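Asker: Here it is, the structure in full.
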Amino acid sequence: MSSHGDPIPMTSRKGGPLKGEALVPGDKSISHRSLILGAMAVGETRISGLLEGDDVLDTGRAMEAFGAEVINHGGGEWSVHGVGVGGFSEPDQVIDCGNSGTGVRLIMGAVATSDMTVTFTGDASLNSRPMGRVTDPLALFGTQSVGRTGGRLPMTLVGAAAPVPVRYVVPVPSAQVKSAVLLAGLNAPGQTVVIEQEATRDHTERMLVGFGAELTVEETDEGRVITLTGQPELQPQTIAVPRDPSSAAFPVCAALLSEGSDVLVPNIGLNPTRAGLFYTLQEMGADLTFENMREEGGEPVADLRARYSPDMKGIEVPPARAASMIDEYPVLSVVAAFAEGQTVMRGVKELRVKESDRIDAMAQGLRAAGVEVDEGEDWWIVTGRGFGHVPGGVTVESRLDHRIAMSFMVMGLATEAPMTVDDGGPITTSFPIFEPLMTGLGAAILRANR
Ligand code: S3P
Numbered sequence: 001m002s003s004h005g006d007p008i009p010m011t012s013r014k015g016g017p018l019k020g021e022a023l024v025p026g027d028k029s030i031s032h033r034s035l036i037l038g039a040m041a042v043g044e045t046r047i048s049g050l051l052e053g054d055d056v057l058d059t060g061r062a063m064e065a066f067g068a069e070v071i072n073h074g075g076g077e078w079s080v081h082g083v084g085v086g087g088f089s090e091p092d093q094v095i096d097c098g099n100s101g102t103g104v105r106l107i108m109g110a111v112a113t114s115d116m117t118v119t120f121t122g123d124a125s126l127n128s129r130p131m132g133r134v135t136d137p138l139a140l141f142g143t144q145s146v147g148r149t150g151g152r153l154p155m156t157l158v159g160a161a162a163p164v165p166v167r168y169v170v171p172v173p174s175a176q177v178k179s180a181v182l183l184a185g186l187n188a189p190g191q192t193v194v195i196e197q198e199a200t201r202d203h204t205e206r207m208l209v210g211f212g213a214e215l216t217v218e219e220t221d222e223g224r225v226i227t228l229t230g231q232p233e234l235q236p237q238t239i240a241v242p243r244d245p246s247s248a249a250f251p252v253c254a255a256l257l258s259e260g261s262d263v264l265v266p267n268i269g270l271n272p273t274r275a276g277l278f279y280t281l282q283e284m285g286a287d288l289t290f291e292n293m294r295e296e297g298g299e300p301v302a303d304l305r306a307r308y309s310p311d312m313k314g315i316e317v318p319p320a321r322a323a324s325m326i327d328e329y330p331v332l333s334v335v336a337a338f339a340e341g342q343t344v345m346r347g348v349k350e351l352r353v354k355e356s357d358r359i360d361a362m363a364q365g366l367r368a369a370g371v372e373v374d375e376g377e378d379w380w381i382v383t384g385r386g387f388g389h390v391p392g393g394v395t396v397e398s399r400l401d402h403r404i405a406m407s408f409m410v411m412g413l414a415t416e417a418p419m420t421v422d423d424g425g426p427i428t429t430s431f432p433i434f435e436p437l438m439t440g441l442g443a444a445i446l447r448a449n450r
């Protein structure tokens, strides 16, 4: 079942080359944060290029339930009239975050230090994911929570009426956990300190500074030490959301795998905490170049040019790079299937608790399509078969996971026989224009029942 309706089976097959420009939607991580921080500022935040995918729209609805006004002006232009830090009011309804782990975890943080009781739920995928990683640190502020067994949604949070600031060492590499603690720290007096041993995406830190919070980051032997001074008055901002490197990954990899392709993916954020896939592909021998490198809104940005690359080799992906490409391993495993030799991916335990267990979902689909995959709890190895040698010809499960669905649709563009996913519906959570964008480039992707 797709998260928002009946299943939508989709098929992709080998076809002509992919050519042209791929204008992928706005960054999902930055879009969530724009709405949440906009709601916590005093006055009107203007946002252009917002990702209008289901995940982000659910976060927008949640901000309205807490008292902010969220207005869609059309064409990706939005505004949020914020109520200020500590200004949220208790919603009279359950907050449904749909499929979005980022949405629910960040919002839990944002409300944890307000004197109110809030119940959260989501779809079957989200309701199976662990929330203890967020509620454990929030308890240090004085927040109480009751959920289902294993710390799962639906879950009710009782915000701390008299929060105390915390010092927290994040035990897993997770930007969602780090961000939840920082957002909770906004409404606590004094300094909240978050320490991460491995750097994860730093959009929350950058944006908090942009909104006028007092926040410092220090690299120490302990790790990245982030210190936030609580109870600021956040200033509304004008935000231009950059295009999403995690969405760019799909047309880029599709171009590398489709004979004769040459695709330009303009304006992609290359924040070092997000760009790991592109460096990995270059090391594998992909014809992938960064053109027109520049800086926009304090972030490195480039146009990516990807051309058909039939001579890629498997590599050992450095585990230290994992956090900077955590959402891209599914599509990397597809590219690896067409490379020569083994692609070894270690230090990726977090993949097991994403929208699906992504190692298991990809391994099962790849094996069904004729590709050898070995796996352990925090590693997997794909043995490439080289171009022209990957059979395909199977239907695989997308498991309510947008990136699994899109990865197998990219795979089918290069397998000998077409690939089908049982449900492409979840794609709308992060990349609502995936189908028209890919077919516009020349990819043979279609709804299987048409
Ligand atoms: C995200 C953080 C990552 C990532 C997710 C978006 C964010 O999750 O997988 O798609 O916006 O903070 P984790 O924090 O669980 O690694």
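Using the UniProt record's numbering, the letters of the sequence shown correspond one by one to residues 1 to 450.
Where a beta carbon is used, it is the ideal one built from N, C-alpha and C, also for glycine.
Owing to the predicted nature of the structure, the values given are computational and were not obtained by experimental measurement.
Rank R133, Y168, L140 by C-alpha distance to the C-alpha of R152 and give the top, closest one.
Answerer: On the sequence shown, residue 152 is found 152 positions in, with the first residue counted as 1. The option with the nearest alpha carbon to R152 is R133.
Asker: What do you reckon, is the C-beta of Q364 under 6 Å from a heavy atom of the ligand S3P?
Answerer: Residue numbering aside, residue 364 sits at position 364 when the sequence shown is read from its first letter. Answer for Q364: no, Cβ out of range of the ligand S3P.
Asker: Quick one: what does DSSP say D123 is sitting in, helix, strand or coil?
Answerer: Locating residue 123 in the sequence shown gives position 123, counting from the first residue. Correct three-state label for D123: coil.
Asker: Quick one, which of R447, T439, A444, A448 has its alpha-carbon nearest A22's?
Answerer: Counted from its first residue, the sequence shown places residue 22 at position 22. Comparing Cα-Cα distances from A22 to each of R447, T439, A444, A448, the minimum goes to T439.
Asker: Using only the alpha-carbon positions, how far apart do S48 and A361 sit?
Answerer: In the sequence shown, counting from the first residue as 1, residue 48 sits at position 48. In the sequence shown, counting from the first residue as 1, residue 361 sits at position 361. Computed Cα separation, rounded: 34 Å.
Asker: Pick from V334, R321, L256: whose alpha carbon is nearest that of L304?
Answerer: Here residue 304 corresponds to residue number 304 of the sequence shown, with the count starting at 1. When only C-alpha atoms are compared, the closest one is L256.
Asker: Between the Cα of Q235 and the Cα atoms of P25, L37, D27, P319, which residue gives the shortest distance?
Answerer: Here residue 235 refers to the residue found at position 235 when the sequence shown is read from its first residue. Per the Cα distances, L37.
Asker: By the three-class DSSP mapping on this structure, what secondary structure does P168 have?
Answerer: Residue numbering aside, residue 168 sits at position 168 when the sequence shown is read from its first letter. One point to set straight first is that residue 168 is Tyr, not Pro, in the sequence displayed. If DSSP states are grouped into helix, strand and coil, Y168 belongs with the strands.
Asker: By how many angstroms is the C-alpha of G230 removed from the C-alpha of A254?
Answerer: Residue numbering aside, residue 254 sits at position 254 when the sequence shown is read from its first letter. Residue numbering aside, residue 230 sits at position 230 when the sequence shown is read from its first letter. Distance between the alpha carbons of A254 and G230 is about 45 Å.
Asker: With burial defined as no fewer than 16 other Cβ atoms inside 10 Å of the residue's Cβ, what is the status of M284: buried or exposed?
Answerer: Position 284 of the sequence shown holds residue 284. Buried, because 16 or more other Cβ atoms sit within 10 Å of the Cβ of M284.
Asker: With 7 Å set as the bound, which would you pick, yes or no: does the beta-carbon of T143 sit closer than that to a beta-carbon of chain B?
Answerer: You won't find chain B in this structure, because it holds only one protein chain.
Asker: I believe E435 touches D401 by the beta-carbon criterion, under 8 Å. Please report the beta-carbon distance rounded to the nearest angstrom.
Answerer: Stepping through the sequence shown from its first residue, residue 435 is reached at position 435. Stepping through the sequence shown from its first residue, residue 401 is reached at position 401. 17 Å between Cβ atoms; not a contact.
Asker: Less than 8 Å between C-beta atoms, sequence neighbours within five positions excluded: which residues of the same chain meet that for V348?
Answerer: As a first step, residue 348 is located in the sequence shown; it is residue number 348 there, counting from the start. Same-chain partners within the cutoff: P319, A322, I326, Y329, I359, D378, W379, W380.
Asker: Quick one: measure Cβ to Cβ for G185 and L228, integer angstroms, because I've assumed they're closer than 8 Å.
Answerer: Translated into the one-based positions of the sequence shown, residue 185 becomes position 185. Translated into the one-based positions of the sequence shown, residue 228 becomes position 228. Indeed they touch by this definition, with Cβ atoms about 5 Å apart.
Asker: What is the rounded straight-line gap between the Cα of R61 and the Cα of E397?
Answerer: Mapped onto the sequence shown, residue 61 falls at position 61. Mapped onto the sequence shown, residue 397 falls at position 397. Answer to the nearest angstrom: the Cα atoms are 29 Å apart.
Asker: Apart from the five residues just before and just after V164, which ones in its own chain have a Cβ nearer than 7 Å to its Cβ?
Answerer: One-based indexing of the sequence shown puts residue 164 at position 164. Cβ within range, chain order: F141, G142, A188.
Asker: Quick check: what's the CA-CA separation for V331 versus G412?
Answerer: Numbered from 1 along the sequence shown, position 331 holds the residue referred to as residue 331. Numbered from 1 along the sequence shown, position 412 holds the residue referred to as residue 412. Each residue's alpha carbon lies about 12 Å from the other.
Asker: Could you pull out every residue in the same chain whose Cβ sits closer than 8 Å to the Cβ of D123, ignoring the five residues on either side in sequence?
Answerer: Residue numbering aside, residue 123 sits at position 123 when the sequence shown is read from its first letter. So the qualifying residues of the chain are S3, G98, N99, L400.
Asker: Mapping DSSP to helix, strand and coil, what is S114?
Answerer: Sequence index remark: in the sequence shown, residue 114 carries index 114 (1-based). If DSSP states are grouped into helix, strand and coil, S114 belongs with coil.
Asker: When burial is assigned at 16 or more other CB atoms within 10 Å of the CB, is P137 buried or exposed?
Answerer: On the sequence shown, position 137 is the one that residue 137 refers to. Label assigned to P137: buried.
Asker: Below 8 Å on the Cβ atoms is my contact criterion, and I expect A68 with A110 to pass it. Report the Cβ-Cβ distance as a whole number of Å.
Answerer: Start at 1 with the first residue of the sequence shown, and residue 68 comes out as number 68. Start at 1 with the first residue of the sequence shown, and residue 110 comes out as number 110. No, A68 and A110 are not in contact; Cβ-Cβ is about 11 Å, not under 8 Å.
Asker: Counting only runs that start and end within the segment 258-321, where is the alpha helix (DSSP H) found for 4 or more residues in a row?
Answerer: Whole alpha helix (DSSP H) segments, 4+ residues: 276-283.
Asker: Does DSSP put G20 in a helix, a strand or coil?
Answerer: The residue you call residue 20 lines up with position 20 of the sequence shown. In the structure shown, G20 sits in a strand (DSSP, three-state: E or B).
Asker: Between the Cα of T395 and the Cα atoms of G386, V172, A405, G388, which residue gives the shortest distance?
Answerer: For the purposes of this step, residue 395 is identified with residue 395 of the sequence shown, where counting begins at 1. Comparing Cα positions, the closest option is A405.
Asker: Name the DSSP beta bridge partners of D374, please?
Answerer: Reading the sequence shown from its first residue, position 374 is the one you call residue 374. In DSSP, D374 forms a bridge with I381.
Asker: For S2, which of helix, strand or coil comes out of DSSP?
Answerer: Along the sequence shown, read from residue 1 onward, the residue named residue 2 stands at position 2. Note that S2 scores a pLDDT of 39, beneath 50, so its modelled location is shaky; the value from the coordinates is reported in the next line. If DSSP states are grouped into helix, strand and coil, S2 belongs with the strands.
Asker: Verify the contact flag: T102, CB atom, against every heavy atom of the ligand S3P, threshold strictly below 6 Å.
Answerer: Against the sequence shown, residue 102 aligns to sequence position 102. It does: the Cβ of T102 is within 6 Å (strictly closer) of some heavy atom of the ligand S3P.
Asker: Keeping to the same chain, check which residues put their C-beta closer than 7 Å to that of T200; ignore five residues upstream and five downstream.
Answerer: Locating residue 200 in the sequence shown gives position 200, counting from the first residue. Correct list, in chain order: P173, S174, A175, K178, T273, A323.
Asker: If you drop the 5 nearest sequence neighbours on each side, which residues of the same chain put their C-beta closer than 7 Å to that of S247?
Answerer: What you label residue 247 is simply residue 247 of the sequence shown in a count that begins at 1. Cβ neighbours of S247 beyond the five flanking positions: V24, P25, S430, F431.
Asker: My guess is that D262 and K28 are in contact by the Cβ rule of under 8 Å, so how many angstroms apart are they, rounded?
Answerer: Position 262 of the sequence shown holds residue 262. Position 28 of the sequence shown holds residue 28. About 27 Å separates the two Cβ atoms, so there is no contact after all.
Asker: How far does the alpha helix (DSSP H) with P154 in it extend, from its first residue to its last?
Answerer: Position 154 of the sequence shown holds residue 154. P154 -> not in any alpha helix (DSSP H); beta strand (DSSP E) instead, spanning 152-158.
Asker: Is Q176 helix, strand or coil when you go by DSSP?
Answerer: Start at 1 with the first residue of the sequence shown, and residue 176 comes out as number 176. Note: Q176 maps to helix in three-state DSSP.
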